[in-house]
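Okay, so here's the structure we're looking at.
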Amino acid sequence: MLFQQIINGLVAGSVYALVALGYTMIFGILGIVNFAQGEIYMFGAFGAILTLNATGSLALAIPAGILSACIVGLLLERFAFRPLRGMHPLIPLISAIGASIFLSSLARLMFGPEDRSFPIDFGFEGFNLFSAYITWLQLVIMAVSIIMMILLWLFMNMSRHGKAVRAVAMDSDAARLSGINVNRAYVIVFLLGSALSGVAGILMAIYYNSTSPGMGTLPGLKAFSAAILGGVGSIPGAIIGGLVLGIAENLGAAYISSNFKDAFAFIVLVLVLVIRPRGILGSGR
Amino acid sequence: MSVYIFHILIMTGIFAILALSLNILAGFAGLVSLGHAAFFGIGAYLSSLLMINGLGFIPAFLLSGGITSILGLTLAMPALRVKDDYLAIVTLGFGIIMGLVFLNLEITGGPDGLTGIPPVRLLGKPLYSKPGFLGLVSGILALMIASTWMLKNSRIGRAWAAVRDNDTTASFMGINVYYYKTLAFIVSAFWAGLAGSLYAHYTAYINPHTFGMHTSIQILSMAVLGGLGSIAGSLIGAFLLTVLPEALRKLADYQDIFYGALLVALMVFRPQGIMGRVKITDIFGRKS
C-alpha cells in the first residue's frame, strides 16, 4: 500500500516536475510567475488529441501537441509579457492570470466543454514489483520525464544557447554587454518551458484518458507549488519539488483524507513560503 | 423589468463592497490578494449558519464581519512573511484551500451548499422587497465609503501609503510595517465578510462554487479596472463589470474570455485603471 502510493506519487510528481521546470526557468530569467503554464499544458494535450483524431497517427500527434504548446507559449511571451518587462512583478502577475483565464475560456469555445478520451487504447497492463503493481504506461511516463530532464540539462550546460540563457538569468545587462541577444534568450526559455509543459500535458491526457479545457488549472498551480518547494529558479529544485509534492499528495490522500487531495499541494506551498521561502534548493531572493 | 434592474443594482452594491475591500488591501497597503472570495464565502456561510441556528439578523451580520476579520488576522500572520507576487500566491493557495473546505465540510452542506437561508430581518419584520434590500445595501456601502475615505486620509491611511510605496523606508521612519499590513488584512476581511452576509441572505442559497477562484479574479478585475487606490474607481469597476456582462447576456460564453483579455490589456496599456492618476507601476515602485 505504502509502496504503491509512492509509485503513484512518483508518476504524478514527474509530470509536475516537467511543468515546474517551465515555471522555474521563466522565473529564473524574467523574475515573473507565468500563471498560464497550466494552459500551455492543456493546449499541448488538445493539439495531440485533435491531430490523433484527424490523422490516426500517434507519431504525428505528439509533435503536433508539442508544437501547439510552443506556439501558445511564444504568443504569451510576445503579447502578455514582453510589453511588461522591467515592471514591478505584480503587473506581469495580473497579466498572466488574465492570460490564463483567456486561454482556458478560449479552449472551451474552440473545443467544447466536454471531456475527450483518447481513441487509442494504450493498455494498462503491468507487472508486480515487491508489493506494488506498476503499469507500463506509468513506467513510460517516468522514463519520458527523465529523458526530458536530461535533455534540458544537456542543453543548458553544453550548448551555446543554453549558456546564453544562464548568463541572462544571472545578469541580463551584463549579458547584453557581452553581446548576448537577450530577447532570443527569453524566446528560448519560453520555447523550452512550453515544450516541457506540452509533453507533460500529453502524458497526463493519456494517463487519465481525458482532455478538457479546465485540465491545466490544478496541475499548473500544483507544479507552481513544486517549483517554489524546490526553490524557484533552480532546475534540480523543480525536479525534487515535483517528486516530493507528488508523493506527499498521494500519501496525504491515502492516509489523511482523499477529499482534500488537492489541498495538500497548497498547504505544502503555504508552509514552505512561511517557513523557508527559498525552498529546498533555492539560493534566496 | 424593474425587479431585474433592482437585482442588478443590489449585486453591483455587494460587489462594490467587495471591490472596495480588496482595494483597501491591494490599493492602499499594496498587498495583492488572489483569494479574496474566501473571505466573502466565510462571511456568507457564517452568517447563514448563525441565522439558521436562531440568531437574529443584526448579530449574525456583525458577527460574520467580526469573525471573518479574525480569520483575516490569522491569515495575515503567516502570509506577511512574504511579499509582492509571493504574497499573491499564498493568498491564492488560501483561497483554494478554503474552497475545498466549503466543498467538503458537513456543516456547509458540501457541494450542494446551504438552502433556505432566512431573509434579512429588521425591526422584527423580514425584508423581502428588492427596493428595501437595495436600500440596506446602499446604506452599508455608504457607511463603508465614508469610513474608508476617513481611513485613507487618516494617520493609518498615510502609514499604509508609506508601507505600500516602500516598506523599508517606512520602517526607518518609525512605522510599524507589520502592524499596518495586518490591520489592512483585518479591515479588508471585515468588509468582505459583511458582503458575504448580505449576499447569503439576499439569494437565500449559497454553494461553494460562488466563492472560488473565479470570483476572486472577478473582484480583482473590478478593483484593477477602476484603479487601485481609488475609492470611486472600485465603485465604477464593480458597476461596469456587473452591468456589462448582464448587457451582453447573449455573449455569455465570451464573458471569461473578456475578463482575461481585459486584465492583460489593462496591464499592458493602462495599468493605473480608469480612475487612477498614477500608474500602479509607480505606486508599487519599479523592480530594482
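Heads up: the protein sequence lines correspond to chains A and B, in order.
Going by the working numbering, the first sequence opens with residue 2, and the numbers climb by one from there.
Going by the working numbering, the second sequence opens with residue 906, and the numbers climb by one from there.
Backbone N, C-alpha and C define an ideal beta-carbon position, used for all residues, glycine too.
Just so you know, these numbers come straight off a predicted model, no measurement behind them.
Close CB contacts of Ser969/B within its chain, under the 6 Å cut and outside five residues either way in sequence, are with Gly948, Leu951, Ser952, Gly1098 and Ser1102 (chain order). Residues of the region 985-999 of chain B with a C-beta less than 9 Å from any C-beta of chain A: Arg986, Val987, Asp989, Asp990, Tyr991, Leu992, Ala993, Ile994, Val995, Leu997, Gly998 and Phe999, listed in chain order. Between Val1068/B and Ile1080/B, the beta carbon gap of about 6 Å places them in contact (Cβ cut-off 8 Å). Taking Ser132/A as the centre and dropping the five residues before and after it, the same chain places the C-beta of Phe4 closer than 6 Å to its C-beta, in chain order. The beta carbons of Tyr24/A and Ala186/A sit about 17 Å from each other, so the pair does not count as a contact at 8 Å.
By the CB criterion at 8 Å, Ala100/A and Leu75/A fall outside the cutoff.
At a cut-off of 8 Å, the C-beta of Asp1017/B has no neighbouring C-beta in chain A. In terms of CA proximity to Met1118/B, Asp1161/B leads the group Tyr1084/B, Phe1144/B and Asp1161/B. Note that the region 25-32 of chain A does not touch the region 258-272 of chain A; fewer than 3 beta-carbon pairs, one per stretch, sit closer than 8 Å. Here DSSP, grouped into helix, strand and coil, assigns Ala266/A to helix. Under a 10 Å Cβ-count criterion, Pro1031/B is classified as exposed, with fewer than 16 other Cβ atoms of the shown protein chains found around its own Cβ. Less than 8 Å separates the beta-carbon of Ser96/A from that of Ala81/A. Below the 9 Å Cβ cutoff, chain B contributes Pro983, Ala984, Arg986, Val987, Tyr991, Leu992, Ile994, Val995 and Gly998 as neighbours of Leu274/A, in chain order. Here DSSP, grouped into helix, strand and coil, assigns Ile135/A to strand. Three or more Cβ pairs closer than 8 Å define a contact, and the region 104-111 of chain A meets that threshold against the region 38-56 of chain A.
For Gly1079/B, no alpha helix (DSSP H) run applies, since DSSP gives it neither H nor E. With contacts defined by Cβ atoms closer than 8 Å, Phe933/B and Gly1131/B do not form a contacting pair.
The alpha helix (DSSP H) runs lying completely inside the region 1044-1115 of chain B and spanning 4 residues or more are 1060-1070, 1072-1077 and 1082-1108, given in chain order. In terms of Cβ geometry, Ile248/A and Ile281/A do not form a close pair [threshold 8 Å]. Inclusion of Gly1000/B and Ala931/B in the CB contact set at 8 Å is not warranted, their separation being larger than that value.
A Cβ-Cβ separation of about 6 Å places Val145/A in contact with Leu204/A under the 8 Å criterion. With contacts defined as CB atoms closer than 8 Å, Val937/B and Val271/A fail to qualify as a contacting pair. Sequence-distant Cβ neighbours of Asn928/B in its own chain, meaning closer than 6 Å and more than five residues away, are Ala1128 and Ser1139. It is roughly 13 Å from the alpha-carbon of Ile189/A to the alpha-carbon of Ala168/A. When DSSP states are grouped into helix, strand and coil, Phe36/A belongs to the coil group. Taking Phe1174/B as reference, the option from Thr136/A, Pro84/A and Gly231/A with the minimal CA-CA separation is Pro84/A. Leu1010/B and Leu923/B have their C-alpha atoms some 25 Å from each other. From the listed residues Leu914/B, Ile1045/B, Leu1171/B and Gly1018/B, the smallest Cα separation to Ser926/B is found for Ile1045/B.
If you check the CB distance, Ala224/A and Ala21/A come in under 8 Å. Using a Cβ distance threshold of 8 Å, Phe1116/B and Gly946/B count as a contacting pair. A distance below 6 Å between beta-carbons, with the five flanking residues on each side excluded, links Leu51/A to no residue of its chain. Excluding five sequence positions before and after Ala13/A, the CB atoms of its chain that fall closer than 8 Å to its own CB belong to Gly247, Glu250 and Asn251, given in chain order.
Taking C-beta separations shorter than 7 Å and ignoring five residues to either side along the sequence, the partners of Met1049/B in its chain run Ile922, Leu925 and Trp1096, following chain order. Going by DSSP, Leu1168/B is part of the alpha helix (DSSP H) stretching over Gln1160 to Phe1174. Collapsing the DSSP output to three states places Gly127/A in a strand. Residue pairing of Thr1020/B in beta bridges, as defined by DSSP: absent, with no partner found.
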